[in-house]
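Peer 1: Got a structure for you, questions after.
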Ligand code: 4AZ
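Numbering (our numbering), first residue to last: 25 to 367.
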């Protein structure tokens, strides 16, 4: 993976149900103490009820369920399986983003909704300058200026506070974008698994990224993809594989014979699997680490996304409720307006 020089950045802490988070942003932000969080939650709930009674349009906008995991430009996968990585087709992975510092790609990420991208914590460790980070979506060839491309700054970076740089456990980060992405043929969100059991319905799995094609080799310009198999933890943690260093928050994927893998610069990007019944792709893993690249019995290791659904949701809620500190005023204004309308 491309090494990133880091400089200091402001930080605050946010705690979550599965693992707390470290939150970096362009300015200082403070997390609410539990009581304040409760108050804020009640206020938000009250506001929602209020909106339901008198402002249905607001609620519709806030809750409409956008599709995920779909590729408007491609048919269902499976027709063209390959051994080894190859150039991805246009629109093949519309949730894949390139995360760049000073316009240089250093990690991948996945769009989970118009404002948030999920990536790996180690990409940003120990201290990033958030104002110099860019997220590029809808791009296939990094050096090209593609009309489909959308570039956004990073408003907040939330690192999973459970991240352990020795064991690589909890290697996840969430990036809130400065402006929402516009979904298009080239830019789409991936679906998230809400529970581990949902992994069972998944069949074809793929990795993608602009990382190097050999360990310590050159990074590529055209987005690469390869089909991989999910490898059970009992296999991957055997003494002659990773020898017990892997945790249940991780997922191995690759090819038992080696030769297909993610590598340096692919970190943070997606391990995505297709659910045929639902005709959607789900984000199963976030590229995290491995011993070398594509070696026999040393497959790529991914943060197992299904384990973090509540952290992902909670983090976004925390940020939203922090941002929404004006909600008491909105509530008052809304109440007044609604009372006037109903009178
Ligand atoms: C890295 O350094 C990296 N072979 C990513 C993935 C793998 C190894 C290293 C998996 O970003």
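Heads up, the beta-carbon is just placed ideally off N, CA and C, and yes, glycines get one too. A quick note: this is a predicted structure, and the numbers were derived from the prediction, not measured.
1. What does the alpha-carbon distance come out to for the pair residue 147 and residue 311?
2. Does the stretch 156-168 touch the stretch 115-133, meaning 3 or more C-beta pairs lie closer than 8 Å?
3. Per DSSP, residue 229 forms a beta bridge with which residues?
4. Buried or exposed: residue 267, going by 16 or more other Cβ atoms within 10 Å of its Cβ?
5. Quick one: does the C-beta of residue 193 sit closer than 7 Å to a heavy atom of the ligand 4AZ?
6. Taking 6 Å as the limit, name every residue whose beta carbon sits nearer than that to some heavy atom of the ligand 4AZ, in sequence order.
7. Thinking C-alpha only, which one of 306, 264, 172 is nearest residue 217?
8. Classify residue 290: buried if its beta carbon has 16 or more other beta carbons within 10 angstroms, exposed otherwise.
9. Using CA atoms only, rank isn't needed, just tell me which of 337, 336, 314 is closest to residue 326.
10. Alpha carbons only, please: which of 206, 93, 219 is nearest the one belonging to residue 337?
11. Can you name, in chain order, every residue of its own chain whose Cβ lies under 6 Å from the Cβ of residue 210, other than the five neighbours on each side?
12. State buried or exposed for residue 285, treating a residue as buried only when at least 16 other CB atoms are found within 10 Å of its CB.
13. If you scan the stretch 308-344 from start to end, which runs of the beta strand (DSSP E) of 3 or more residues do you find wholly inside it?
14. How about the stretch 182-202 and the stretch 270-288: do they share at least three Cβ pairs that are nearer than 8 Å?
15. Can we say the stretch 201-208 touches the stretch 126-142, given the rule of at least three CB pairs closer than 8 Å?
16. So what's residue 130 in DSSP terms, helix, strand or just coil?
17. Roughly how many angstroms lie between the CA atoms of residue 104 and residue 340, to the nearest whole one?
18. In three-state DSSP terms, what is residue 172?
19. Can you name, in chain order, every residue of its own chain whose Cβ lies under 8 Å from the Cβ of residue 242, other than the five neighbours on each side?
20. Using DSSP's beta-bridge definition, name the partner residues of residue 201.
21. Roughly how many whole angstroms lie between the Cα atoms of residue 224 and residue 300?
22. With DSSP collapsed to three states, give me the class of residue 116.
23. Check residue 146 in the structure and name its three-state DSSP category.
24. According to the neighbour-count rule (16 or more other Cβ atoms, all chains shown, within 10 Å of its Cβ), is residue 100 buried or exposed?
25. Within 10 Å of its beta-carbon, does residue 176 have 16 or more other beta-carbons around it, so buried, or fewer, so exposed?
26. Would residue 338 pass as an interface residue toward chain C - the criterion being a Cβ-Cβ separation below 8 Å?
27. Quick check on DSSP: helix, strand or coil for residue 167?
28. Taking the alpha helix (DSSP H) that residue 257 belongs to, which residues open and close that run?
29. Relative to the C-alpha of residue 304, which residue among 197, 141, 229, 144 is closest?
30. If I follow the unbroken beta strand (DSSP E) through residue 274, where does it start and stop?
31. Report yes if the CB atom of residue 248 is closer than 8 Å to the CB atom of residue 109, and no otherwise.
32. Measuring alpha carbon to alpha carbon, tell me which of 346, 234, 139 ends up nearest residue 178.
33. Can you find the residues in the same chain that come closer than 7 Å, C-beta to C-beta, to residue 112, ignoring five residues on each side of it along the sequence?
34. State the beta-bridge partners of residue 246 as determined by DSSP.
Peer 2: With the structure as the only source:
1. As a first step, residue 147 is located in the chain shown; it is residue number 123 there, counting from the start. As a first step, residue 311 is located in the chain shown; it is residue number 287 there, counting from the start. Counting only the Cα atoms, residue 311 lies some 10 Å from residue 147.
2. As far as the Cβ criterion goes, the stretch 115-133 touches the stretch 156-168, which means the pair count is three or higher.
3. Mapped onto the chain shown, residue 229 falls at position 205. Paired residue(s): 252, 297.
4. Translated into positions along the chain shown, residue 267 becomes position 243. Taking all protein chains shown into account, residue 267 has fewer than 16 neighbouring C-beta atoms within 10 Å of its C-beta and is therefore exposed.
5. The residue labelled residue 193 in the question sits at position 169 within the chain shown. Result no, Cβ not under 7 Å from the ligand 4AZ.
6. Cβ atoms closer than 6 Å to the ligand 4AZ belong to 25, 285, 286, 287, 288, 290, 291, 311, 313, 314, 317, 324.
7. What you label residue 217 is simply residue 193 of the chain shown in a count that begins at 1. Put simply, of 306, 264, 172 the residue whose alpha carbon is nearest the alpha carbon of residue 217 is 306.
8. Residue 290 sits at position 266 when you count from the first residue of the chain shown. Residue 290 should be labelled buried.
9. Here the question's residue 326 lines up with position 302 in the chain shown. For the residues 337, 336, 314, the minimum Cα distance to residue 326 belongs to 314.
10. Walking along the chain shown from the start, residue 337 turns up at place 313. Closest option to residue 337, Cα to Cα, is 219.
11. Against the chain shown, residue 210 aligns to sequence position 186. Here the set comprises 115, 118, 162, 172.
12. Locating residue 285 in the chain shown gives position 261, counting from the first residue. Classified as buried, residue 285 has 16 or more neighbouring CB atoms from the shown chains inside 10 Å of its CB.
13. For the stretch 308-344, whole beta strand (DSSP E) runs of length 3 or above, ordered along the chain, are 324-328.
14. Yes, since at least three Cβ pairs between the stretch 182-202 and the stretch 270-288 fall closer than 8 Å, the two stretches touch.
15. Three or more Cβ pairs closer than 8 Å define a contact, and the stretch 201-208 meets that threshold against the stretch 126-142.
16. Mapped onto the chain shown, residue 130 falls at position 106. When DSSP states are grouped into helix, strand and coil, residue 130 belongs to the strand group.
17. Here residue 104 is taken as the residue at index 80 of the chain shown, counted from 1. Here residue 340 is taken as the residue at index 316 of the chain shown, counted from 1. With a pLDDT of 44 at residue 104, under the threshold of 50, the modelled position of this residue cannot be trusted, and the question is left open.
18. Translated into positions along the chain shown, residue 172 becomes position 148. Here residue 172 sits in coil by DSSP.
19. Residue mapping note: residue 242 aligns to position 218 of the chain shown, counting from 1. So the list reads 236, once near-sequence residues are dropped.
20. Here residue 201 is taken as the residue at index 177 of the chain shown, counted from 1. The beta-bridge partner set that DSSP reports for residue 201 consists of 178.
21. Here residue 224 refers to the residue found at position 200 of the chain shown. Here residue 300 refers to the residue found at position 276 of the chain shown. Between residue 224 and residue 300, the C-alpha separation is close to 12 Å.
22. Against the chain shown, residue 116 aligns to sequence position 92. DSSP places residue 116 in coil when its eight states are reduced to three.
23. Along the chain shown, read from residue 1 onward, the residue named residue 146 stands at position 122. Under the three-state reduction of DSSP output, residue 146 falls in the helix class.
24. Within the chain shown, numbered from 1, the residue matching residue 100 stands at position 76. So residue 100 counts as exposed.
25. Position 152 of the chain shown, counted from the start, is the residue given in the question as residue 176. Per the 10 Å Cβ criterion, buried.
26. Protein chains in the displayed structure number just one, and chain C is not present.
27. Here the question's residue 167 lines up with position 143 in the chain shown. In the three-state DSSP reduction, residue 167 falls in the coil class, being neither helix nor strand.
28. Counted from its first residue, the chain shown places residue 257 at position 233. Looking at the DSSP string, the run of the alpha helix (DSSP H) that includes residue 257 is 257-260.
29. Against the chain shown, residue 304 aligns to sequence position 280. Closest option to residue 304, Cα to Cα, is 229.
30. Position 250 of the chain shown, counted from the start, is the residue given in the question as residue 274. Annotation for residue 274: the continuous beta strand (DSSP E) segment containing it runs 274-278.
31. Taking the first residue of the chain shown as position 1, residue 248 is located at position 224. Taking the first residue of the chain shown as position 1, residue 109 is located at position 85. Cβ distance < 8 Å, so residue 248 and residue 109 count as in contact.
32. What you label residue 178 is simply residue 154 of the chain shown in a count that begins at 1. Answer by Cα proximity: 139.
33. As a position in the chain shown, residue 112 is number 88, starting the count at 1. Cβ neighbours of residue 112 beyond the five flanking positions: 164, 232, 247, 248, 249.
34. For this step, residue 246 is matched to residue 222 along the chain shown. Paired residue(s): 165.
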